[in-house]
Amino acid sequence: MCLAIPARILEIRENKAQVDFGGGVSREVNVMLVDAKVGDYVLVHAGYAIQVLDKKEAKETLKLWEEILRLEKS
Numbered sequence: 003m004c005l006a007i008p009a010r011i012l013e014i015r016e017n018k019a020q021v022d023f024g025g026g027v028s029r030e031v032n033v034m035l036v037d038a039k040v041g042d043y044v045l046v047h048a049g050y051a052i053q054v055l056d057k058k059e060a061k062e063t064l065k066l067w068e069e070i071l072r073l074e075k076s
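Counting in my numbering, the sequence shown runs without a single skipped number right up to 76 at its last residue.
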């Protein structure tokens with residue numbers, strides 16, 4: 003099974019972007035596959051942004067991830 007996680011783009015330099023997954027987790031990902039700008043939400047899989055997401059859709063998905071992680075800790 004493959005998972006892709008939404009993240010918000012904080013900055014872009016050439017084909018690399020610093021993204022925020024929430025909860026203080028940020029990483030560098032490759033954005034050469036998408037037409038994205040700072041502030042956009044992207045779906046990240048295996049270090050690549052594979053799709054630009056609607057802000058509302060991204061926030062709903064992040065909320066579900068937070069709930070899954072919270073339940074897993076209990």
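We put the CB at the ideal spot given by N, CA and C, even for glycine.
Quick check: the Cα distance between K65 and E30, rounded to an integer number of angstroms?
The count along the sequence shown starts at 1 and reaches residue 65 at position 63. The count along the sequence shown starts at 1 and reaches residue 30 at position 28. Straight-line spacing of the CA atoms in K65 and E30 works out to 22 Å.
Please classify A51 as buried or exposed, where buried requires at least 16 other C-beta atoms within 10 Å of its C-beta.
To locate residue 51, count along the sequence shown from 1; it is residue 49. With at least 16 other beta carbons inside 10 angstroms of its own, A51 counts as buried.
Could you tell me which uninterrupted beta strand (DSSP E) segments, each at least 3 residues in length, are contained entirely in the region 43 to 74, listed from first to last along the chain?
Runs of the beta strand (DSSP E) lying entirely within the region 43 to 74 and spanning at least 3 residues, in chain order: 43 to 47 and 50 to 55.
What's the call for K72, buried or exposed, on a 16-neighbour Cβ count within 10 Å?
Numbered from its first residue, the sequence shown carries residue 72 at position 70. Residue identity check: residue 72 is Arg in the sequence provided, not Lys. Flag for R72 reads exposed.
Closest to V21 by CA distance: which of E74, K75 and L45 is it?
What you label residue 21 is simply residue 19 of the sequence shown in a count that begins at 1. Measuring from the Cα of V21, the nearest candidate turns out to be L45.
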